[in-house]
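To start, the structure under review is shown below, and the notes come after it.
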């Protein structure tokens, strides 16, 4: 009897120790990670639908531990607000024009928007993802505390106008063209012969419809997204800038991700961006067909006209070399495919 009692006492002590063992046998509930992605594109554009794919992918791959929420149409604020929000923690990721982040990070980051740096989609892909362009961009963002984990394809920048097609700088004279606030953009369009007019994106549609501005430069996808071709039915295919959408987050936040989830999140993002780039590239021909069907005039610059505009852009390169050093300009030029 005493032996049985002794055994029971030992078992009681063992169970008591297990119960107080700090979770050694029962894992604690794992926290979820919320990833909020903000942008100003529409909810139906490839940039946003790619994010919805990412939400499903990460939910499945992490058993629901990672939740992705998309905030399209400027729901999380205007572009500068969202760029600041990444550092403040109101959103985790922002994508939009590189000039928005460059305005915070400094002149070296603006080199990604040098005119005619990558004059074709294929040049941009090679220069950015194979020849070190993304790495150069991240070096420029580092001091500001941002990381561009990848890039989405917004589209080559072209010009849409209320009034006419543009063949040369003479045609641009007197044109009030909306630009995002960036000294490089101002210099570029002054060199092209236009009157650059910095303006927040939220004001663009009204200003274009009322004639406050005559034209703007952006991608075919944005022209389509906001039906700009209806109020400005002249589209000049200039391809003067590759205009990527860097997908940026706070470097501090990125480094704080759990080691078991970080590679899954990054892999999902890279898959998402690659799929979106291919989809948006395929969409561009459909956009042009849609514009023409609506009565818009489409004109693609000849090789001679493009060369003339590229020559006009030299002042932008000279100005930026003074700001960042010729060695930085040369490093970016070295990413261009031969």
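Residue numbers (the numbering used here): 128 to 465. Cβ atoms here follow ideal geometry from the backbone N, Cα and C, with glycine treated the same way.
Quick one: Cα of residue i to Cα of residue j, how far?
i, j, result
"residue 406", "residue 399", "11 angstroms"
"residue 418", "residue 358", "11 angstroms"
"residue 386", "residue 393", "11 angstroms"
"residue 329", "residue 397", "29 angstroms"
"residue 305", "residue 217", "29 angstroms"
"residue 316", "residue 172", "28 angstroms"
"residue 348", "residue 282", "7 angstroms"
"residue 415", "residue 428", "15 angstroms"
"residue 165", "residue 286", "26 angstroms"
"residue 420", "residue 291", "18 angstroms"
"residue 226", "residue 295", "25 angstroms"
"residue 326", "residue 190", "43 angstroms"
Find the nearest neighbour of residue i within the set the options, judged by alpha-carbon distance.
i, options, result
"residue 323", "364, 457, 453, 314", "314"
"residue 219", "235, 428, 195, 229", "195"
"residue 307", "206, 278, 283", "206"
"residue 430", "364, 282, 421, 455", "364"
"residue 410", "352, 428, 435, 444", "352"
"residue 298", "193, 342, 247", "342"
"residue 423", "311, 380, 356, 331", "356"
"residue 179", "189, 241, 190, 163", "163"
"residue 302", "275, 280, 335, 272", "335"
"residue 465", "247, 446, 391", "247"
"residue 318", "444, 440, 446", "440"
"residue 193", "346, 182, 312, 310", "182"
So if DSSP puts residue i in a beta bridge, which residue, or which two residues, is it bridged to?
i, result
"residue 197", "164"
"residue 373", "278"
"residue 325", "306"
"residue 286", "344, 363"
"residue 427", "364"
"residue 293", "For residue 293, which the question treats as bridged, DSSP gives no partner whatsoever."
"residue 273", "377"
"residue 221", "165, 375"
Assign residue i to one of two classes, buried (16 or more other C-beta atoms within 10 Å of its C-beta) or exposed (fewer than that).
i, result
"residue 437", "exposed"
"residue 199", "buried"
"residue 338", "exposed"
"residue 249", "exposed"
"residue 136", "For residue 136, the predicted model reports a pLDDT of 38, less than 50, meaning its position is unreliable and no value from the coordinates is stated."
"residue 235", "buried"
"residue 452", "exposed"
"residue 370", "buried"
"residue 487", "Since the first residue shown for the chain is 128 and the last is 465, residue 487 is missing from the structure and cannot be characterised."
"residue 403", "buried"
"residue 215", "exposed"
Nearer than 8 angstroms: is that true of the beta carbon of residue i relative to any heavy atom of the ligand COA?
i, result
"residue 414", "Absent from the structure shown: the ligand COA. Ligands present: none."
> Mind pulling the alpha helix (DSSP H) runs of 4 or more residues that sit fully within the segment 347-415?
Replying inline: 347-352, 355-358, 378-382
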